[in-house]
Amino acid sequence: MSISRAQFLKSFGASVAGLAAGSGIASAAQALANKVATATPATAALPPVAGATPAAPVHFIGSGSGFGNRIAISFDDGPTPGVTEVVLDELKKRNIRSTFFMIGKRVVAAPDLAKRVLAEGHEVCNHTFNHLKLNSLPDQQVDWEIQKTQDTIGEVLNQKPAWLRPPYGAFRKNQMGIPVSKDLGVVFWSVDPRDWSQPGEAKIVDTILTETKPGSIILCHDLHKQTANCIGQVLDGLLARDFEFINMSEFLGQPFASRVA
Ligand SMILES: [Zn+2]
């Protein structure tokens, strides 16, 4: 993490309150539309990034179809030595596949742990290199944050992520051309236990088990021990309700698959 805990909490609360309050594509899109309306035009004087022509229509995805009782559980902000291993062990015990939105600089710091995530059948996706609020950065820096992470994951894991999750859910629609130019879809979430704030294991479990329904994308973090300590209980509770766990690209498809060689 490149920012302090206080900054993290402050910016997170400010940026995704609208997203966390609702679920599904419509609410996520509306929250982002509102954000666009109030965003500071920090990039207005800067030249556009090459190839970053905004695509239309633009979709921000917050949940899947729910076909067949399917859900996706995802883990952001890792890999974190001492935490990610526990999460992986709990997933493996239950033969569950997940998606890990990794921070590029943390992949550099813990490459073997990142490799273990992939080797155990999970999907690795892009959560930028420094975990900054992209909606307040110039286009060139947004491009760098995303591309540097694509390159890092490519070098360490020989994988090309298909999905980007902007840190804090902070992203403007007029930035969408940047990930699109890299064949990346942008995905948010529909169930948020706010485990990053360490609300207590019982609260994390209760929020996820109460709010998850077919089609949910659950947001967790392999960042703190609270999440690791209770993730087995979460998974057992969801399995007891016959949810089927699949990773992000199985859930949503591969965005821009026709462009991938
Ligand atoms: Zn994050």
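Anchor point for the sequence shown: position 50 equals 90 in this note's numbering, and the numbering is continuous, going up by one each time.
C-beta: ideal position from N, C-alpha, C; glycine also.
Every value quoted in this text rests on a predicted model; they were computed, and no experiment measured them.
- With respect to the 7 Å criterion, glutamine 187 and valine 164 are not classified as neighbours on the basis of their beta carbons.
- Between the stretch 234-250 and the stretch 205-224 there are fewer than three inter-stretch CB-CB distances shorter than 8 Å, so the stretches are not counted as touching.
- For the pair lysine 243 and asparagine 269, the Cα-to-Cα distance works out to about 12 Å.
- Rounded to whole angstroms, phenylalanine 291 and leucine 177 show a C-alpha spacing of 30 Å.
- Boundaries of the alpha helix (DSSP H) harbouring glutamate 185: 179-197, taken from the DSSP string.
- Per DSSP, the continuous alpha helix (DSSP H) segment holding threonine 124 begins and ends at 124-133.
- Contact between the stretch 256-271 and the stretch 107-124 is present: three or more C-beta pairs spanning the two stretches fall below 8 Å.
- Runs of the alpha helix (DSSP H) lying entirely within the stretch 201-268, each at least 4 residues long, are 217-221, 241-251 in chain order.
- Here valine 164 is bridged, per DSSP, to Phe140.
- The secondary-structure analysis by DSSP pairs phenylalanine 169 with nothing; it has no beta-bridge partner.
- Per DSSP, the continuous alpha helix (DSSP H) segment holding alanine 154 begins and ends at 151-159.
- In the DSSP annotation of this structure, the continuous segment of the alpha helix (DSSP H) that includes serine 289 starts and ends at 288-292.
- Relative to the Cα of glycine 217, the nearest Cα in the group Trp229, Tyr208, Gly161, Leu204 belongs to Leu204.
- Judged by DSSP secondary structure, serine 114 falls within the beta strand (DSSP E) whose first and last residues are 110-116.
- Put simply, the backbone Cα of valine 127 is about 33 Å away from that of glutamine 215.
- Of the other Cβ atoms in all chains shown, fewer than 16 fall within 10 Å of the Cβ of lysine 132; this residue is therefore exposed.
- In this structure, the CA atom of serine 289 is about 20 Å from the CA atom of aspartate 232.
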